[in-house]
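A.B. asks: I'd like to ask you about the structure that follows.
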Amino acid sequence: MNKGVKSILVIVGIVLLGYGIYTMIIPETQISIGDLDLVEAQDNTNAYITIGLGLVALLIGFVGGKKV
Numbered sequence: 001m002n003k004g005v006k007s008i009l010v011i012v013g014i015v016l017l018g019y020g021i022y023t024m025i026i027p028e029t030q031i032s033i034g035d036l037d038l039v040e041a042q043d044n045t046n047a048y049i050t051i052g053l054g055l056v057a058l059l060i061g062f063v064g065g066k067k068v
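First residue of the sequence shown? That's 1 in UniProt numbering, and the numbers climb one at a time after it.
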């Protein structure tokens, strides 16, 4: 695999991991005080998918193209 492609995959993997962790940590809950109290649970499905794609990109970037 080309060295430039590996570098791009590693960078994309790091960005995806960072974004996935960020979206998992930052809460999406909403609480309104007043007549209506609304509490919405956080959905982490997209965060898990983003982290998984980041890990796959990192693995392909580091391991891809090596001959055993």
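The beta carbon of each residue, even a glycine, is placed where N, CA and C say it ideally should be.
(1) Kindly list the residues whose CB is nearer than 8 Å to the CB of residue 58, restricted to its own chain and excluding five residues on each side of it in sequence; keep chain order.
(2) Check for me: the alpha helix (DSSP H) holding residue 26 runs from which residue to which?
(3) When you compare only the Cα positions, how much space is there between residue 21 and residue 47?
(4) Helix, strand or coil for residue 20, going by three-state DSSP, please let me know.
(5) Express the C-alpha separation of residue 66 and residue 23 in angstroms, rounding to a whole number.
C.D. replies: This is what the structure holds:
(1) Within the sequence shown, the letter at position 58 stands for residue 58. 9, 10, 13, 14, 17.
(2) As a first step, residue 26 must be located in the sequence shown, where it is residue number 26. Per DSSP, residue 26 belongs to no alpha helix (DSSP H) and is neither H nor E.
(3) What you label residue 21 is simply residue 21 of the sequence shown in a count that begins at 1. What you label residue 47 is simply residue 47 of the sequence shown in a count that begins at 1. Going from the Cα of residue 21 to the Cα of residue 47 covers about 7 Å.
(4) Here residue 20 refers to the residue found at position 20 of the sequence shown. Here residue 20 sits in helix by DSSP.
(5) Your numbering for residue 23 matches position 23 in the sequence shown. Your numbering for residue 66 matches position 66 in the sequence shown. The alpha-carbon atoms of residue 23 and residue 66 are separated by roughly 33 Å.
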